[in-house]
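In the working numbering, the protein residues as written are 5 to 221.
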């Protein structure tokens, strides 16, 4: 039987701190949110490995280093309303909820969304709402958002999501080009998102976020 508290400490000491994640609220959240609760029972023992963990339905639990650096890049404020796209079973939502005022967890897989709601409630997360709906449509009901986390790879960002980010809002995503990816940070200014490079990473492209393939003769 795994000692998950020790595994969390090891994760932080060997994967998070060496990656220059220095903000105490993020480190504290990663030490306390039980990552193993947010994966299928058969994968609990693999919850703390330093790699993306396949959750099924095109979802992956991002590796701890990538996820922590994305959160630090996003610079969450205690007053923020955050949209968590592709929330899976809710780990990212639980962690974001420790940093932000409110988190909207968007998940289109019905079983995952229901389970995420159950786990978050069981873990006492009371400042998050799970929305079951299309990932590419966003969650307009609660928009505009101060910050958006895309919890997987994208090749392009749908306009519906860009429009839900408030002026001055921030977004972070793993932008994939073939097998290679980079995390990019976007800031919305004058109605458009200006992107900049943050660091290298890779993640499976979320359903609906791949560029439409074109063929020429």
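Glycine residues also receive a C-beta, built at the ideal position from the N, C-alpha and C atoms. Please read these numbers as outputs of a predicted model, since none were measured by experiment.
Residue 90 beta carbon near the ligand PLP (any heavy atom closer than 6 Å): Looking at this structure, you won't find the ligand PLP or any other ligand, since it has none at all.
Span separating the alpha-carbon of residue 31 from that of residue 25: 8 Å
Between which two residues does the beta strand (DSSP E) carrying residue 77 extend? Premise fails: residue 77 lies in the alpha helix (DSSP H), 68–78, not in any beta strand (DSSP E).
Assuming contact is defined by CB atoms lying nearer than 7 Å, are residue 132 and residue 97 in contact in what I supplied? yes
Give me the residue from 196, 100, 205 and 184 with the minimum Cα distance to residue 29. 100
Give me the Cα-Cα distance between residue 27 and residue 112, rounded to the nearest whole angstrom. 31 Å
Ends of the alpha helix (DSSP H) at residue 213? Taken as a continuous stretch (DSSP letters only), residue 213 belongs to no alpha helix (DSSP H), as it is neither H nor E.
Assigned secondary structure, residue 121 (DSSP; H/G/I helix, E/B strand, else coil): helix
Please give me, in chain order, every unbroken run of the alpha helix (DSSP H) with length at least 4 that falls completely inside the stretch 146–178. 163–166
Let me check one thing: in DSSP terms, what residues is residue 185 bridge-paired to? 180
Cα-Cα separation between residue 124 and residue 206, rounded to whole angstroms: 27 Å
May I have the straight-line CA-CA distance separating residue 68 from residue 200, to the nearest angstrom? 22 Å
What does a CB cutoff of less than 6 Å around residue 142 pick up in its chain, not counting 5 residues either side in sequence? Within the same chain, and ignoring the five residues on either side of residue 142 in sequence, the residues whose Cβ sits closer than 6 Å to its Cβ are 164, 165 and 168.
Nearest-angstrom Cα separation, counted from residue 195 out to residue 9: 44 Å
Close Cβ partners of residue 146 (< 6 Å) along its chain, the five nearest in sequence each way excluded: 108
Please report the straight-line C-alpha distance between residue 105 and residue 50, rounded to a whole angstrom. Roughly 30 Å separates the two Cα atoms.
Give the DSSP bridge partners of residue 204, in chain order. 186
Under a Cβ-count criterion, where at least 16 other Cβ atoms within 10 Å of its own Cβ denotes burial, should residue 144 be classed as buried or exposed? exposed
Which residue wins for smallest C-alpha separation from residue 34, given the options 44, 71, 209 and 121? If you compare the alpha carbons of 44, 71, 209 and 121 with that of residue 34, the shortest gap goes to 71.
Delimiting residues of the beta strand (DSSP E) encompassing residue 9: Where residue 9 is concerned, there is no enclosing beta strand (DSSP E), although the alpha helix (DSSP H) it sits in stretches over 8–15.
Suppose you measure from the CA of residue 140 to the CA of residue 176; what does that come to, to the nearest Å? Taking the straight line joining both Cα atoms gives about 15 Å.
So the candidates are 148, 43, 58 and 16; which of them puts its Cα closest to the Cα of residue 73? 16
Quick one: what does DSSP say residue 112 is sitting in, helix, strand or coil? coil
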